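Chains as they are written, first to last, in the working numbering: chain A, 1 to 363; chain B, 1 to 241; chain C, 1 to 389. Ideal placement from N, C-alpha and C gives every residue a C-beta, glycine not left out. A quick note: this is a predicted structure, and the numbers were derived from the prediction, not measured. First the structure, in the form of structure tokens, and then the observations on it.
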Amino acid sequence: MTDAVSRPADLVGRAQDIRRRYGDTAVTAALWLLIVGLVLWSALNSDTRQLFVNGVVVGSVFALGAIGLTLIYGILKFGNFAHGDLMMLGAYFAFFALTGRVSERPRFDKELPWSLDSLPGAVDRLGDLTFGYGLIIAAVVAVAVMAALSIGLDRLIYRPLRRRGAGIVIFAIASLGVAIAARSLMLIIWGPEPRSYVTGIHKAQQYPFDIRLKTDQIFIFAVAVGLAVLVYLLLYRTKLGKAMRAMSDNPDLARVSGINTDQIIAWTWVIGGALVAVAGVLLAIQAQLNPQLGFVILLPLFASAILGGIGNPIGALTGALVVGIAQEVAVEYFAPGYKSGVAFVILIVILLLRPRGLLGARV
Amino acid sequence: MGVSILPVLEVKDVVAGYGEVEILHGVSIKVDEGEVVTIIGPNGAGKSTLMKAVFGLIPVKKGRITFKGRDVTGSPPEKMVRFGLSYVPQSENAFATLSIQENLEMGGFIRRDGLSERLNWAYELFPDIASRRHERAGRLSGGQRQMLALARALMLDPQVLLLDEPSASLSPKMVEAIFERVAQINRSGVAILMVEQNARHALQFSRRGYVLAMGVNRLEGAADELLESAEVGKLYLGAEP
Amino acid sequence: MRLERWITPAAFAAVTLAVIIMPAERSGWAFRDSVIPFLASFATTVAIFAVISLGLNVQWGYTGVFNFGIAAFFMVGAYTAAIFTKPPPAQPEFVSYVGGFGDKLDFLPFLSSDQWLPFLIGTAAAAVMCGVLAFLLSIPTLRLREDYLAIVTIGIAELLRNVSIEERGLVNSARGLTGIPRPFHDFFDPGDYRFVYFGIALGVLALVYLAVERGIRSPWGRVLRALREDELTTAASGKNVFAFKTQGFVFGAMIMGIGGSVFAYERGSVSPDTFTHFFATFIFWAMLIMGGSGNNKGAVLGAYIVWGLWIISLQLLGYDLPQFLRSRIFFIRDFILGALIIAVLLLRPQGLLPEERRVSIWLERQLKRRRRLWPWPRRREPTEAAPVD
Numbered sequence: 001m002t003d004a005v006s007r008p009a010d011l012v013g014r015a016q017d018i019r020r021r022y023g024d025t026a027v028t029a030a031l032w033l034l035i036v037g038l039v040l041w042s043a044l045n046s047d048t049r050q051l052f053v054n055g056v057v058v059g060s061v062f063a064l065g066a067i068g069l070t071l072i073y074g075i076l077k078f079g080n081f082a083h084g085d086l087m088m089l090g091a092y093f094a095f096f097a098l099t100g101r102v103s104e105r106p107r108f109d110k111e112l113p114w115s116l117d118s119l120p121g122a123v124d125r126l127g128d129l130t131f132g133y134g135l136i137i138a139a140v141v142a143v144a145v146m147a148a149l150s151i152g153l154d155r156l157i158y159r160p161l162r163r164r165g166a167g168i169v170i171f172a173i174a175s176l177g178v179a180i181a182a183r184s185l186m187l188i189i190w191g192p193e194p195r196s197y198v199t200g201i202h203k204a205q206q207y208p209f210d211i212r213l214k215t216d217q218i219f220i221f222a223v224a225v226g227l228a229v230l231v232y233l234l235l236y237r238t239k240l241g242k243a244m245r246a247m248s249d250n251p252d253l254a255r256v257s258g259i260n261t262d263q264i265i266a267w268t269w270v271i272g273g274a275l276v277a278v279a280g281v282l283l284a285i286q287a288q289l290n291p292q293l294g295f296v297i298l299l300p301l302f303a304s305a306i307l308g309g310i311g312n313p314i315g316a317l318t319g320a321l322v323v324g325i326a327q328e329v330a331v332e333y334f335a336p337g338y339k340s341g342v343a344f345v346i347l348i349v350i351l352l353l354r355p356r357g358l359l360g361a362r363v
Numbered sequence: 001m002g003v004s005i006l007p008v009l010e011v012k013d014v015v016a017g018y019g020e021v022e023i024l025h026g027v028s029i030k031v032d033e034g035e036v037v038t039i040i041g042p043n044g045a046g047k048s049t050l051m052k053a054v055f056g057l058i059p060v061k062k063g064r065i066t067f068k069g070r071d072v073t074g075s076p077p078e079k080m081v082r083f084g085l086s087y088v089p090q091s092e093n094a095f096a097t098l099s100i101q102e103n104l105e106m107g108g109f110i111r112r113d114g115l116s117e118r119l120n121w122a123y124e125l126f127p128d129i130a131s132r133r134h135e136r137a138g139r140l141s142g143g144q145r146q147m148l149a150l151a152r153a154l155m156l157d158p159q160v161l162l163l164d165e166p167s168a169s170l171s172p173k174m175v176e177a178i179f180e181r182v183a184q185i186n187r188s189g190v191a192i193l194m195v196e197q198n199a200r201h202a203l204q205f206s207r208r209g210y211v212l213a214m215g216v217n218r219l220e221g222a223a224d225e226l227l228e229s230a231e232v233g234k235l236y237l238g239a240e241p
Numbered sequence: 001m002r003l004e005r006w007i008t009p010a011a012f013a014a015v016t017l018a019v020i021i022m023p024a025e026r027s028g029w030a031f032r033d034s035v036i037p038f039l040a041s042f043a044t045t046v047a048i049f050a051v052i053s054l055g056l057n058v059q060w061g062y063t064g065v066f067n068f069g070i071a072a073f074f075m076v077g078a079y080t081a082a083i084f085t086k087p088p089p090a091q092p093e094f095v096s097y098v099g100g101f102g103d104k105l106d107f108l109p110f111l112s113s114d115q116w117l118p119f120l121i122g123t124a125a126a127a128v129m130c131g132v133l134a135f136l137l138s139i140p141t142l143r144l145r146e147d148y149l150a151i152v153t154i155g156i157a158e159l160l161r162n163v164s165i166e167e168r169g170l171v172n173s174a175r176g177l178t179g180i181p182r183p184f185h186d187f188f189d190p191g192d193y194r195f196v197y198f199g200i201a202l203g204v205l206a207l208v209y210l211a212v213e214r215g216i217r218s219p220w221g222r223v224l225r226a227l228r229e230d231e232l233t234t235a236a237s238g239k240n241v242f243a244f245k246t247q248g249f250v251f252g253a254m255i256m257g258i259g260g261s262v263f264a265y266e267r268g269s270v271s272p273d274t275f276t277h278f279f280a281t282f283i284f285w286a287m288l289i290m291g292g293s294g295n296n297k298g299a300v301l302g303a304y305i306v307w308g309l310w311i312i313s314l315q316l317l318g319y320d321l322p323q324f325l326r327s328r329i330f331f332i333r334d335f336i337l338g339a340l341i342i343a344v345l346l347l348r349p350q351g352l353l354p355e356e357r358r359v360s361i362w363l364e365r366q367l368k369r370r371r372r373l374w375p376w377p378r379r380r381e382p383t384e385a386a387p388v389d
């Protein structure tokens, strides 16, 4: 077309040529160096050390969401914009299973006669954690419900779209519809006021180097790392996981090899739904139950998944930790309102320099 | 090569295509037990479409496909594999992001037992890929990738193997190697139905051949007859070497 | 099939009846004093939102560019228009914002230029700002998978909203800008002004509509649609895909900016609360999907239907509802909108008014069929090249 428009485009093209010439390796190495440098600096600097630790915890919560997101993104090939809202919905299901409460009118709840917290000792704190075994059972209930719901949504919405051969954008718009529906469902049932699983104030523990941490936060970190490793093992060590990767690579060839792709998709949703529920419950433990939170977390989730390389669970964990640390440490230097801007900047940088992600897209 | 009463694979008057575009207007082909059959024909004759239709990758609108006397028309590929057919597509016939070993495991996905024995068997047959079993298939050269595709298709010990242009875009040396391997597979008792551009070469070790044009059968006969036929020679085999 | 023919007229009639009857009934059938002014405001908002919906149609319906951050453009348009038409802040210690060019822009000494010139310039500036923003966003994203742009635009919308709140001196933080002047306001009786503004909004909509129609029917528009359908083939026929996609994206964004500016003049105030993801992005997608993407009439009809539903839910509050519904009515409306989008995608993907296929119906069908055989999009990024034998 006209010169005025194509010239900046040429500039981008030239930048990409240069990138190609000097190799992806140099860019990746530089990015890694930058990231490791910033992370180390923030960990060693006494002003930001506490923020660094907070960032690891926030990053763990992002990671829990990003692992599920990246799995669905990698295998079903579409960005699930409902992921954040479904996480929150899972958290609310766990809340309901635990307390049996729904909102009757603003600031007034109706409570079922029996729920998990009526079990003896269900809300007694486990060690230094703020919650009891009731919440763990509730989380398992939420996992089951969300897995079933995910399959249901696939049957109802995504499978017909797949059969029709709809493009990824149609899937994304459909998932936006799911996101809106899920969010308004939470608002209808539980109202807009934030809630939490447990009441009361819980003090953080003092650790060496002047770091304060709640035991809940250590728990969240451990679960995030554990789940990333589990999903990795699933994809690389089990027959189901390998079939998932095969299907993601080449669906026709997978069918030709005798793999029932419908079944694999169903399994992907089961696992994705379970991950959504776990991530939602832990998000609610770390922050709160709040219908608006699902959308707020969406951008960091996508930034994490893309930073780590779509489809790669270890990448999602790494990316999420980087995003989490960057967001928290940025608070020292920028207004807190810019937290989401950090994820945005990371996203832009990675899309410009290495859209395949730090660890390379897998699956 | 014993004379069998029933062909193992029979395609009868098959009409198929993509959506409303009909490409095959009634093609019939049969493959007897243990034989090699080659389909040749000009570009656009519907050779690859026939393979896909047989294997259930595209719907069959009319006609019948029987395998060992059983009607398998319209069965999806994941069923076809269970019946005892296997298929090597022309392109994208290996999972590029999976390791070679994983590719073969996927080939044997529905196997209940004996996977490791079969893996060893495959590696013996294709030593080139055995040494690189933990590398990503995307890193293989064209010829090695074709070997891998053959090995993957053989993981289930099929009775009939469908090959879509196994020698496409390979160097002459590699073509030789591939055909040799195909012959070896056939000797182990696997019937082969093959589509080939490299018609002369393919017919030389086939028992029978079909010539397809414009989506219908044009000629058929014993491979050596086809090789000698003036019409076939002029139209599809190129000048005599 | 026969039933389907009636969906569009039925939806139109239902919404129209509801937005007339509900306020009429509540005001005791006072058409002159209450219903007509109400309808004028309703229609004005529909016209403004239809402009933005048309902008989205240029981006998604015609170019296939996937913008999930309409809020960003809507907001930039509205704020730009506001700072171009407002006078400078009178008490900077209480209200502070950049610009405030309104009193400098009436430089024509005739025709009461203060009544229209700043608005014209404000709208033009809104379009330019949005165009620049779109251009910048296109650089890292338009060469990649379609949905990366969606993620990036969600990000920029959130970021800009946060910037507008955090940066005190920029656009007066969370309180936003009030007292935005309105075009030709001094010429008319305040009670009649809403009818005048309805005329202005309708005029803007008509101009934008014609511009889009012209653009889309031009050779340029044909290239856009071609690359929406099949990027590879279009590239192979010698078109610079990236440049065309950028142009489509920028053009659509400029239209959204115009819509945002007309919105700011109409409301007289803008604040960050308006430009949330839900209100300022989702409803436009709902409008376009429902109306029929790739059809400008559909974009306008979608704006009418969706905003009609919105207004109906507001009107319902005027009735004696049970407490249960009363506190939840907006959430229920949102749920219905979300479900409606999914239902349209599943049951009537072409929307209420399907796209008019002009180039070649046969070709379209073939393309679609081909694609159906391959249920997943082909990978855009090249896989590692295999070494040659």
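Subject >> Opposing strand residues paired with D71 of chain B [DSSP bridges] >> reply: B:T66
Subject >> Rounded straight-line distance, which links the Cα of T63 of chain C to that of I361 of chain C >> reply: At I361 of chain C the pLDDT is 48, less than 50, meaning the model places this residue with poor confidence and gives no usable figure here.
**OP:** Alpha carbon to alpha carbon, how far is L170 of chain B from M147 of chain B? Give it in angstroms, no decimals.
**Re:** Going by the C-alpha atoms only, they are around 12 Å apart.
Original post:
On the premise that L283 of chain A lies in contact with M87 of chain A, defined as a C-beta separation below 8 Å, what is that separation, rounded to the nearest angstrom?
Top reply: 6 Å
Original post:
So is T38 of chain B in contact with chain A if we call contact Cβ pairs under 8 Å?
Top reply: no
**OP:** Please go through the region 170-229 of chain B and give each complete beta strand (DSSP E) segment of 3 or more residues, from N-terminal end onward.
**Re:** Listed in chain order, they are 191-195, 208-213, 216-222.
Subject >> Cross-chain neighbours of D249 of chain A in chain B, by beta carbon under 7 Å >> reply: F95, A96, T97, L98
**OP:** With DSSP as the reference, please indicate the residues paired to V15 of chain B in a beta bridge.
**Re:** B:H25, B:K62
Original post:
Among the residues of its own chain, which have a CB less than 8 Å from the CB of V190 of chain B, if the five just before and after it don't count?
Top reply: These residues qualify, in order along the chain: G34, L154, P158, Q159, V160, L161.
Subject >> For L240 of chain A, the first and last residue of its enclosing alpha helix (DSSP H) >> reply: 239-249
Original post:
Taking the C-alpha atoms as reference points, what is the distance between G199 of chain C and G179 of chain C?
Top reply: 21 Å
**OP:** Measure the alpha-carbon distance for L353 of chain C versus L240 of chain A and round it to whole angstroms.
**Re:** 44 Å
Original post:
Would Q263 of chain A be called buried (16 or more neighbouring beta carbons within 10 Å of its own) or exposed?
Top reply: Per the 10 Å Cβ criterion, exposed.
Original post:
What does a CB cutoff of less than 7 Å around T153 of chain C pick up in its chain, not counting 5 residues either side in sequence?
Top reply: N67, F68, G69, A72, L137
Original post:
Is H379 of chain A buried or exposed, if buried means 16 or more other CB atoms sit within 10 Å of its CB?
Top reply: Only positions 1 to 363 of chain A appear in this structure, which leaves residue 379 of chain A out of reach.
**OP:** Would you grab the beta carbon distance between W307 of chain C and F31 of chain C for me? Rounded to a whole angstrom, and I think it's under 8 Å.
**Re:** At roughly 21 Å, the Cβ-Cβ gap does not stay under 8 Å, so W307 of chain C and F31 of chain C are not in contact.
Subject >> Local conformation of F110 of chain A per DSSP, three classes >> reply: Phe is not the amino acid found at residue 110 of chain A; the sequence shown has Lys there. Strand at K110 of chain A.
Subject >> is_contact[E146 of chain C, chain A] using C-beta, thresh 8 Å >> reply: yes
Original post:
Rounded C-beta distance between N296 of chain C and V212 of chain C? I'm assuming under 8 Å.
Top reply: 6 Å
Original post:
By Cβ distance, which residues of its chain are closer than 6 Å to D164 of chain B, with the 5 residues on each side in sequence left out?
Top reply: Within the same chain, and ignoring the five residues on either side of D164 of chain B in sequence, the residues whose Cβ sits closer than 6 Å to its Cβ are S48, M51, P89, Q90, V195.
Original post:
So with Cβ pairs under 8 Å, would you call V128 of chain C a contact of chain A?
Top reply: Not a single CB atom of chain A sits nearer than 8 Å to the CB of V128 of chain C.
Original post:
Along chain A, which residues have their Cβ under 7 Å away from the Cβ of R82 of chain B?
Top reply: G258
Original post:
Should M254 of chain C and S53 of chain C be called a contact, given that it needs their Cβ atoms to be closer than 8 Å?
Top reply: no
**OP:** Locate the alpha helix (DSSP H) running through I70 of chain C, then write down its first and last residues.
**Re:** 70-85
Original post:
My guess is that L203 of chain B and L227 of chain B are in contact by the Cβ rule of under 8 Å, so how many angstroms apart are they, rounded?
Top reply: 5 Å
Original post:
Closer than 8 Å, Cβ to any Cβ of chain B: which residues of the region 64-95 of chain A, in chain order?
Top reply: none
**OP:** Give the straight-line distance between the Cα atoms of V329 of chain A and A157 of chain C, rounded to the nearest whole angstrom.
**Re:** 22 Å
Original post:
chain A partners of G34 of chain B, CB-CB under 7 Å?
Top reply: Here the premise fails: no neighbours, minimum Cβ distance about 23 Å.
Original post:
Of the residues A:S103, A:G55, A:F96, which one's Cα is nearest the Cα of A138 of chain A?
Top reply: A:F96
Subject >> Pairwise C-alpha distance: V8 of chain B and P166 of chain B >> reply: 22 Å
Original post:
Hey, does F55 of chain B have any beta-carbon neighbour from chain A nearer than 8 Å?
Top reply: yes
Subject >> Reduced DSSP secondary structure (H/G/I, E/B, other) of F259 of chain A >> reply: Phe is not the amino acid found at residue 259 of chain A; the sequence shown has Ile there. Residue state, collapsed to three classes: coil.
Original post:
Would you say E266 of chain C reaches chain A, if we count a Cβ-Cβ gap shorter than 8 Å as a contact?
Top reply: No - not a single Cβ of chain A is within 8 Å of the one on E266 of chain C.
Subject >> From C:A10, C:L39, C:F249, C:A13, residue whose alpha carbon lies closest to that of A24 of chain C >> reply: C:L39
**OP:** Could you check how far apart the C-beta atoms of G351 of chain C and I289 of chain C are, in whole angstroms? I think they sit under 8 Å.
**Re:** 6 Å
**OP:** Tell me, please, which residues DSSP counts as bridged to K30 of chain B.
**Re:** According to DSSP, K30 of chain B bridges with B:E10.
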